[in-house]
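Chains as they are written, first to last, in my numbering: chain W, 742 to 868; chain A, 698 to 842; chain B, 71 to 571. Idealized CB from N, CA, C, for every residue including glycine. As the structure is a prediction and not an experimental result, all values here were calculated from the model. Heads up: the structure comes next, in structure tokens.
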Amino acid sequence: MDAAFALIAGHANYWLVVILMMIGLYVAIARGNLVKKIVGLNLFQTSVFMLYISMGKVEGGTAPILTGLPATVYSNPLPHVLILTAIVVGISTTALALALVVRIREAYGTIEEDEILEIERDVGSKS
Amino acid sequence: MQHHLILRVVARLLLPPIFLYALYVQWHGDYGPGGGFQAGVIFAVGFILYALINGVDALTRVVPPRALILLLAAGLLLYAGTGIATLLLGQDFLDYSALSHDAVHGQEWGILIVELGVGITVAAAMTAIFLAFAGRSASVEDKDW
Amino acid sequence: MLQALLHQLPVLQIVLPLVAAPIVAAFGGNGRGWMIAFATSLIAFAVAATLFAEVLDGSVISYHLGGWAPPIGIEYRVDILNAFVLVIVSGVSAICLLYARASIAAEVEEKNHAFFYATFLLCMTGLLGVTITGDAFNLFVFLEISSLSGYALISAGAKRDRRALTAAYNYLVMGTIGATFFVIGLGLLYMLTGTLNMADLAARLTGYGDSRTLRMGFAFIFVGIALKLAMFPLHLWLPNAYTFAPSAVSSFLSATATKVAVYALLRILFTVFGFDSAFEANVLRLIVLPLAIVAIFVASFVAIFAEDLKRMLAWSSIAQIGYMLIGIALLSHEGLMATVIHLFNHAVAKAALFMVAGAFMLRAGTTSIPDLRGIARDMPWTSAAFVLAGLSLVGVPLTVGFISKWYLVQAALTQNLWPVALLVVLSSLLTLTYVWRITETIYMREAPAGVRRSEAPLSMLIPTWIFTGLSLYFGIDAGLTSMAASRAANALLGASNLFWQ
């Protein structure tokens with residue numbers, strides 16, 4: 742019983758990350774709406790951000806800004822920096838994906854994947 | 698939009714603090730949380746709020762799309778230019794120590810300039826992305842509210 | 071002064087196209103964009119060639135960005151393997167840009183040209199960055215720079231066919247999932263070791279030995295890169311993306327993007343995970359090898375029945391990636407050598423073939439195979455280039471394709487894996503079938519009555535024939551490429567301690 746509790750409570754951040762990650766991946770793959778796919782993709786990426794940030798926490802550590810006191814324990818700032826970069830990549834991906842969706846909507850008149858597939862099958866290259 | 702008095706007044710009140718706060722985040726990055734990316738986003742939020750209240754056309758009168766592209770390029774060139782300046786001063790790329798008479802001041806100057814470049818590019822990029830989306834669809838009419 | 075310039079070459083390789091991109095975006099109207107981009111790519115090629123000459127003797131150049139020494143700072147690390155890939159990427163970019171001028175003028179709207187060339191330069195920056203960096207997280211950032219600009223480049227084909235948009239969107243979703251998998255794996259490795267520098271990672275992983283975190287990290291990174299390099303069965307984004315992209319982009323991406331992903335895989339497998347791991351060997355032997363063989367046969371069969379020339383070439387790319395993966399999975403010096411040399415050989419042959427497709431597109435307005443009947447009568451030079459580059463794809467002697475297959479078959483035979491060798495030879499028959507099908511259509515079928523198509527402009531013929539010529543020249547005299555490939559394989563194996571051999 743204790744072992745099971747430790748497995749859940751001791752790894753709470755991993756459980757959260759894994760659950761969020763799977764929801765995101767599922768939405769990105771299973772949803773037919775192109776915008777919802779992007780939402781899923783964002784969730785998926787965000788879960789990875791959380792994985793990194795929870796990894797950088799040092800027990801009892803403060804924000805990694807120099808305090809001048811020699812005994813201060815700092816959290817690891819490197820994962821934060823990495824994730825700042827990854828967030829920028831995520832934003833660019835989202836902006837580009839949404840731009841593509843806008844163009845798809847203008848070209849096909851719909852953003853539902855199955856309807857687009859149907860149009861592509863019917864019309865072929867005549868567009 | 699002319700008769701949405703509360704929205705217009707509140708937005709007008711909010712705009713100066715938003716820009717001021719963006720500048721604070723930009724220049725205070727040395728001493729606390731902040732820096733070019735966050736500042737750029739906040740700065741762009743000011744423009745986006747302006748466009749939401751006064752319409753996209755009003756925003757393009759304030760910052761023409763052509764100016765946005767130039768700013769986008771300028772920010773990136775400021776960043777890369779700093780790196781090239783350090784190269785010309787005989788150090789490695791982005792080794793800010795070369796920028797001043799001693800290494801500590803050089804590092805401080807370097808990060809300030811680079812963050813300014815990041816801020817300009819991010820602000821211009823965010824506004825450009827907003828314009829790219831908002832400029833494509835029909836503008837929101839009063840009856841849609 | 072010259073010495074100082076030489077010292078800065080690794081960073082100039084990245085900074086030059088990076089600086090040129092915003093300049094093109096801002097001031098690239100009226101054809102200036104193409105000129106700046108082309109000049110930049112020529113300089114980048116000169117830089118890459120100089121770096122290649124410098125490390126040819128097996129030395130390693132390490133450049134510290136910002137003067138911060140690794141493993142804390144970001145390091146650019148050039149050895150013979152990535153110098154070889156740098157030469158491929160920058161050379162292909164330069165020749166593709168030469169080709170792009172006429173082709174893009176016809177396929178992309180005039181007002182978007184400046185942005186197109188700026189995006190092209192960014193894509194090139196990303197690909198060169200992935201190749202040159204010695205820092206694993208930096209690799210992810212450059213991978214995403216190249217991928218994001220790649221999606222945008224593919225969607226530029228929307229003027230001709232709106233399906234370019236959905237192709238780019240699907241590629242974006244798959245590519246982002248792949249990149250995120252890579253970051254997850256990297257996070258697990260960072261958790262284990264506390265470092266991101268590849269050389270430092272390798273040194274520390276050796277000390278930590280096997281663990282579940284390590285295996286998970288390996289699996290995530292492997293699947294992530296496999297998505298980017300279109301390893302069967304993660305290839306679904308590729309056929310549409312290459313079919314509907316503008317021809318110059320198809321040519322550029324097919325010759326560089328997947329090649330750089332293969333390079334990243336080699337780095338991760340041999341430089342980072344160079345530990346004594348039965349796990350890695352098992353993954354390669356039991357999963358990658360069978361999948362690669364299946365990929366070759368399935369993709370070649372689909373290519374045989376494709377109705378569109380560009381789609382056929384795209385499926386053929388998936389098959390060719392299979393050959394590279396077989397070389398990796400053999401886990402031997404000869405196998406790696408076959409993979410590295412095939413990076414170059416496939417790049418030149420496939421780039422030439424996509425350029426031919428682009429020339430047909432320009433003059434005939436289509437790449438649908440039935441519509442290309444008898445086109446050799448009107449476009450003899452373009453058609454001849456197709457036949458020669460196609461023979462190289464098949465692996466006929468005196469072409470580069472033969473060199474790669476020769477090394478690959480030898481590598482399989484030295485390990486007594488004669489079924490693999492036999493299958494590789496057999497698969498060439500399938501390649502011959504689809505190349506022959508096109509050859510027959512364009513040479514022997516009667517052209518539709520009343521249709522005349524003029525020969526492609528010289529600015530497109532010259533790049534096509536440069537690639538065709540390269541695929542013949544290095545097929546006859548493979549001294550330089552096989553020496554580079556052999557030394558690269560040595561460097562990879564030397565850096566890793568593969569005890570399982």
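Can you have a look at residue i and say buried or exposed, based on whether 16 or more other CB atoms are within 10 angstroms of its CB?
i: Lys420/B; result: buried
i: Arg758/A; result: exposed
i: Trp570/B; result: With a pLDDT of only 42 at Trp570/B, under the threshold of 50, the placement of this residue in the model should not be trusted, and no figure is reported.
i: Val683/W; result: A question about residue 683/W goes unanswered here, because the residues of chain W that appear run from 742 up to 868.
i: Met530/B; result: buried
i: Met301/B; result: buried
i: Met763/W; result: exposed
i: Lys229/B; result: exposed
i: Phe154/B; result: buried
i: Lys329/B; result: buried
i: Ser866/W; result: The predicted position of Ser866/W is uncertain, since its pLDDT is 49 and thus under 50; no value can be drawn from it.
i: Ser868/W; result: Model confidence at Ser868/W stands at a pLDDT of 42, short of 50, so the residue's coordinates are unreliable; what they give is reported in the following sentence. Exposed, because fewer than 16 other Cβ atoms sit within 10 Å of the Cβ of Ser868/W.
i: Asn352/B; result: exposed
i: Ser453/B; result: buried
i: Thr808/W; result: exposed
Out of the options, point me to the one whose CA is closest to residue i's CA.
i: Val799/W; options: Phe790/W, Gly850/W, Val814/W and Phe785/W; result: Val814/W
i: Ala836/W; options: Met823/A, Gly732/A and Gln723/A; result: Met823/A
i: Ser173/B; options: Met425/B, Ala519/B and Ala554/B; result: Met425/B
i: Ile750/A; options: Ala708/A, Leu767/A and Pro730/A; result: Ala708/A
i: Thr818/A; options: Leu796/A, Gly733/A, Phe827/A and Leu717/A; result: Gly733/A
i: Val457/B; options: Gln480/B, Gly428/B, Arg507/B and Ala491/B; result: Arg507/B
i: Val738/A; options: Arg833/A, Phe830/A, Gly816/A and Val760/A; result: Gly816/A
i: Thr803/W; options: Phe790/W, Pro818/W, Leu792/W and Val789/W; result: Pro818/W
i: Gln786/W; options: Glu847/W, Val759/W and Phe746/W; result: Val759/W
i: Gly248/B; options: Gly294/B, Pro92/B and Leu156/B; result: Gly294/B
i: Trp488/B; options: Leu432/B, Asp280/B, Leu400/B and Gly220/B; result: Leu400/B
i: Ser217/B; options: Ala838/W, Ser788/W, Ala750/W and Ser816/W; result: Ala838/W
i: Arg522/B; options: Leu339/B, Asp441/B and Met407/B; result: Asp441/B
i: Ala384/B; options: Ser370/B, Val466/B and Leu395/B; result: Ser370/B
i: Ile224/B; options: Thr826/W, Leu841/W and Asp743/W; result: Leu841/W
i: Asp378/B; options: Val505/B, Ala365/B and Leu262/B; result: Val505/B
i: Glu861/W; options: Phe212/B, Ser219/B and Arg233/B; result: Arg233/B
i: Arg147/B; options: Ser160/B, Gly392/B and Ile84/B; result: Ile84/B
i: Leu167/B; options: Ala238/B, Leu112/B and Thr436/B; result: Leu112/B
Span of the alpha helix (DSSP H) holding residue i?
i: Ile396/B; result: Leu379 to Ala399
i: His305/B; result: Counting along the chain, His305/B falls outside any alpha helix (DSSP H), and DSSP gives it neither H nor E.
i: Ser132/B; result: Not the alpha helix (DSSP H): Ser132/B falls in the beta strand (DSSP E), residues Ile131 to His134.
i: Trp756/W; result: Ala753 to Ala771
i: Ser320/B; result: Ser317 to Leu336
i: Phe790/W; result: Leu775 to Gly797
i: Gln735/A; result: Gly733 to Asn751
i: His798/A; result: First-last for His798/A: undefined, no H or E at that position.
i: Leu361/B; result: Leu359 to Ile374
i: Arg447/B; result: Ile445 to Asp448
i: Glu350/B; result: Ala348 to Asn352
Is residue i helix, strand or coil when you go by DSSP?
i: Glu214/B; result: helix
i: Tyr728/A; result: coil
i: Ser438/B; result: strand
i: Asp743/W; result: helix
i: Asn100/B; result: coil
i: Asp205/B; result: strand
i: Trp138/B; result: coil
i: Asp754/A; result: helix
i: Gly787/A; result: coil
i: Ala548/B; result: coil
i: His701/A; result: coil
i: Arg232/B; result: coil
i: Pro80/B; result: helix
For residue i, report the span of its beta strand (DSSP E) as first-last.
i: Val148/B; result: Glu145 to Val148
Using a Cβ-based criterion (distance less than 7 angstroms to any ligand heavy atom), does residue i qualify as near the ligand FMN?
i: Tyr239/B; result: By its list of ligands, the structure shown contains no ligand whatsoever, and the ligand FMN lies outside what it can speak to.
Q: For the stretch 460-535 of chain B, list the alpha helix (DSSP H) runs that are entirely contained and at least 4 residues long, ordered along the chain.
A: Fully enclosed alpha helix (DSSP H) runs of 4 or longer: 470-484 and 488-514.
Q. What are the start and end residues of each continuous alpha helix (DSSP H) run of 4 or more residues lying completely inside the stretch 804-859 of chain W, in chain order?
A. The alpha helix (DSSP H) runs of length 4 or more contained entirely in the stretch 804-859 of chain W are, from start to end of the chain, 819-849.
Q: Within the stretch 244-320 of chain B, note down every full alpha helix (DSSP H) run reaching 4 residues or more, in order along the chain.
A: You should have 268-278, 282-298 and 308-314.
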